[in-house]
Structures are given as structure tokens and as C-alpha cells.
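> Per the numbering used here, residue 49 is the first one in the sequence shown, and the count goes up by one each step.
Beta carbons are placed, not taken as given, at the ideal position from N, Cα and C, and that holds for glycine.
Below you will find the structure I want to go over with you.
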Amino acid sequence: MLDVKIEAVEGGYAVCADSTLKETIDRVHELVGDVGLIIADPPYGNIVDEAWDRINDSDELFSSWMIKWTRSWTEKLLLPGGAFYVWGGVGKPGFRPFLRYLSEVEQEGRFELANLITWSKKRAYGVQNNYLWTREECAYFIFGDAKKPRCFNVPLLATKRGYVGYNAKYPAKSEFYRRTNVWMDINEMFRGKLHPTQKTQRLHEVMIEVHTQPGEFVIDPFAGAGTTAMACRKLGRKFVVIENDPQYFDEMVVRLQVEVCASKPYDVDHGTEAEITGSVDTGS
Ligand SMILES: C[S@@+](CC[C@H](N)C(=O)[O-])C[C@H]1O[C@@H](n2cnc3c(N)ncnc32)[C@H](O)[C@@H]1O
49 MLDVKIEAVE
59 GGYAVCADST
69 LKETIDRVHE
79 LVGDVGLIIA
89 DPPYGNIVDE
99 AWDRINDSDE
109 LFSSWMIKWT
119 RSWTEKLLLP
129 GGAFYVWGGV
139 GKPGFRPFLR
149 YLSEVEQEGR
159 FELANLITWS
169 KKRAYGVQNN
179 YLWTREECAY
189 FIFGDAKKPR
199 CFNVPLLATK
209 RGYVGYNAKY
219 PAKSEFYRRT
229 NVWMDINEMF
239 RGKLHPTQKT
249 QRLHEVMIEV
259 HTQPGEFVID
269 PFAGAGTTAM
279 ACRKLGRKFV
289 VIENDPQYFD
299 EMVVRLQVEV
309 CASKPYDVDH
319 GTEAEITGSV
329 DTGS
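Written out as C-alpha cells, the structure is:
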């Protein structure tokens with residue numbers, strides 16, 4: 049018998065289960081039907097010092113595992129033209145599962161890589177004889193034809209990117225409010241994390257604003273602290289977030305019960321007020 053615990057919380061459901069199992073995916077489908085957006089922040093593979101990230105398999109096995117649940121989730125639940133985001137990194141010599149995944153996941157699949165987003169962070173780390181790292185990658189796929197997303201609400205920055213050049217072919221875009229595939233305006237969390245790899249909520253808010261309308265469901269199969277749930281709640285979307293670690297799950301549920309009213313922009317650093325209020329010119 050499958051071990052799945054489902055908690056109804058304000059705005060959606062928190063599920064304690066292994067999100068890679070067919071039974072879990074079927075249960076979520078029974079619960080909410082097809083959806084337009086899945087955001088996945090899965091284990092990276094021996095990058096962070098956490099039990100859930102300790103992978104003994106080869107990168108080939110790890111990337112096959114990623115491909116398997118990617119296909120299961122997208123084929124079972126994504127609407128045609130629905131969006132699927134998955135976070136990952138460059139890895140290490142001899143262990144580059146995300147790069148393998150990117151090069152193999154489209155084959156025989158029914159979805160296409162629409163873009164590769166780089167999240168440019170502030171804090172740098174690394175060694176003396178190499179460039180420092182300040183980046184994280186997020187692959188963005190469309191279920192079906194990448195040129196035909198079912199929903200793409202044009203994402204805007206709060207301020208112009210500052211390019212002074214002019215492109216005669218795309219004059220409006222030279223206004224440069226359009227978000228690019230390098231996200232430089234969203235800081236990582238330096239304090240107040242509930243989970244060691246907790247993402248800044250604004251990152252997932254952007255994805256949710258772009259690919260869904262209010263009232264629609266979003267799924268996060270690797271929920272951690274419930275970042276996607278909080279983002280959905282703020283934006284009036286519904287959510288199913290799945291976490292298999294009982295302790296993280298319980299902490300997330302408490303958070304989702306306590307922070308019911310987290311509905312206001314929470315960090316002016318992200319410069320998103322104008323996007324939220326729609327007070328900027330789209331330049332498109
Ligand atoms: C990278 S973290 C996600 C962090 C999250 N994005 C946040 O902002 O808090 C990955 C999470 O997935 C969970 N996890 C790992 N394997 C899982 C599985 N098979 N099913 C469900 N959750 C899993 C881990 O316990 C961990 O909390």
C-alpha cells in the first residue's frame with residue numbers, strides 16, 4: 049500500500065510521498081486533473097551536504113532517473129503547451145547528470161526545451177585558479193511545441209536593463225523591460241531559510257505569473273520549504289506540493305498553516321512592484 053499523506057491547506061494541498069512513484073503521480077492527478085505548470089527543484093547530486101542529495105549512482109543512472117519522473121509527470125498531467133521547469137547545475141568532472149539530462153530528455157519525449165534560464169546570484173564561491181561561481185540553471189520546457197506555450201504572460205522587469213543600443217529589427221524590445229533568460233534582479237536568500245536549499249520565492253512567482261492564470265493549479269514535486277506554495281498563494285493560484293522527508297514536510301505544513309496571509313510583496317530588493325501593479329510599459 050502506497051504511503052501518501054495528503055493535507056489540505058489554504059490554497060492547495062501538501063503531500064508527503066515519493067513524488068517519483070507512479071502511484072503518487074496518479075493520486076495527484078485524481079486530486080487536481082491536468083495542469084499548466086510544474087516546477088521541479090530536485091536533488092542536484094552530491095552538491096549539498098544533505099541525505100536527500102547523496103547520490104551513489106553514476107550520472108548516467110541519475111539522469112535516467114530524472115528523465116523517468118520528468119516524462120511520468122509531464123505525460124500524465126501537463127496540458128498541451130504546459131510548462132515544466134527543472135533546476136539543476138553543471139556538476140563535477142565525472143558526474144554531470146543535469147547536462148546529460150538536458151542532452152537526452154527531449155529524445156522520444158513529447159516536450160521541447162524552450163530556454164535555459166540562468167539565475168545570476170550575488171554570493172560567489174570557488175577556488176583560486178578558476179572563475180568564481182554565481183549561477184544556477186533552470187531548464188524551461190514546453191509540453192509539445194516550444195513555440196506554442198498555452199500561456200505566456202510576457203514577463204517584465206521593474207526597471208530597464210540599461211542597454212543603450214538599438215536593434216532596428218526589434219525596436220520595441222530595445223526598451224528592455226522584457227525579462228531575459230539571465231535573471232539578475234532576484235537575490236538568493238541570505239537569512240531566514242527554513243530549508244538548506246530554499247529558493248527565493250520571487251523566482252517561482254515569475255514562472256507562475258508567466259504560465260498560469262489566477263485560480264489554476266501548479267505542481268511542485270520536490271517542495272522543500274513550500275516556496276512554490278507560498279508563491280501560488282500570493283498570486284491567487286492553487287498548488288500541490290510534494291515532499292518525501294517527513295520532517296521537512298511537517299515544517300512546510302506548519303509554515304503553510306501559519307503564513308496564510310502572506311499576500312504582499314515581501315522584498316523590495318527584487319524590484320517587482322511595478323510588474324505586480326502593471327505600471328511599466330511592456331515595450332513589446
Ligand atoms: C532542492 S530541495 C527543494 C527546495 C525547494 N525548492 C525550496 O525552495 O525549499 C529538494 C527537496 O526534494 C525532496 N525530495 C528528494 N527526493 C524526493 C522524492 N523522491 N519525492 C519527494 N521529495 C523528494 C528533498 O527532501 C528536498 O527537500
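State the beta-bridge partners of residue 68 as determined by DSSP.
According to DSSP, which records beta bridges pairwise, residue 68 is partnered with nothing at all.
> Measuring straight from C-alpha to C-alpha, what distance separates residue 320 and residue 205?
Residue placement at residue 320 is flagged as unreliable, the pLDDT there being 35, under the threshold of 50; the coordinate-derived value follows with that caveat. Computed Cα separation, rounded: 7 Å.
> Can you confirm whether the stretch 61-69 touches the stretch 243-255 when touching is taken to mean that 3 or more C-beta pairs between the two stretches lie within less than 8 Å?
no
> Tell me which residues share the same chain as residue 169 and place their Cβ nearer than 6 Å to its Cβ, disregarding the 5 neighbours each side in the sequence.
182, 236
> Quick one: complete beta strand (DSSP E) runs, 3+ long, within the stretch 93-173?
126-136, 159-173
> Given this structure, state the Cα-to-Cα distance separating residue 91 from residue 229, to the nearest angstrom.
23 Å
> Does the stretch 279-291 touch the stretch 103-112, meaning 3 or more C-beta pairs lie closer than 8 Å?
no
> State the Cα-Cα distance for the pair residue 163 and residue 113, rounded to the nearest angstrom.
C-alpha separation (whole angstroms): 22 Å.
> Which residue from 262, 272, 200, 268 puts its Cα closest to that of residue 244?
272
> Look at the Cβ atom of residue 287, then the Cβ atom of residue 80, and state whether they are nearer than 7 Å.
no
> So what does DSSP say about residue 296, is it helix, strand or coil?
helix
> Among 95, 194, 126, which has the Cα closest to the Cα of residue 74?
126
> Start and end of the beta strand (DSSP E) containing residue 185?
181-191
> Beta-carbon within less than 6 Å of residue 54's beta-carbon, same chain only, minus the 5 sequence neighbours each way: which residues are those?
61, 63
> What would DSSP say about residue 279, mapped onto helix, strand or coil?
Looking at residue 279 - three-state DSSP - the assignment turns out to be helix.
> Of all the options 129, 133, 139, which has the alpha carbon lying nearest to the alpha carbon of residue 96?
139
> Using only the alpha-carbon positions, how far apart do residue 185 and residue 56 sit?
32 Å
> Is it the case that the stretch 294-310 contacts the stretch 116-136, given that we only count it when at least three CB pairs across the two stretches are under 8 Å?
no
> Within 10 angstroms of the Cβ of residue 111, are there 16 or more other Cβ atoms? Answer buried if so, exposed if not.
buried
> How big is the Cα-Cα spacing for residue 158 and residue 152?
If you take the alpha carbons of residue 158 and residue 152, they lie about 12 Å apart.
> Could you spell out the range, first to last residue, of the beta strand (DSSP E) harbouring residue 242?
Note, residue 242: premise wrong, no beta strand (DSSP E); not H, not E.
> Using a Cβ-Cβ cut-off of 6 Å (strictly less than) and excluding sequence neighbours within five positions of residue 269, which residues of its own chain qualify?
Sequence-distant partners of residue 269 (beyond 5 residues in either direction) whose C-beta falls short of 6 Å from its own C-beta, in its chain, are 67, 88, 290.
> Where do the ends of the beta strand (DSSP E) carrying residue 85 lie?
For residue 85, the enclosing beta strand (DSSP E) covers residues 83-88.
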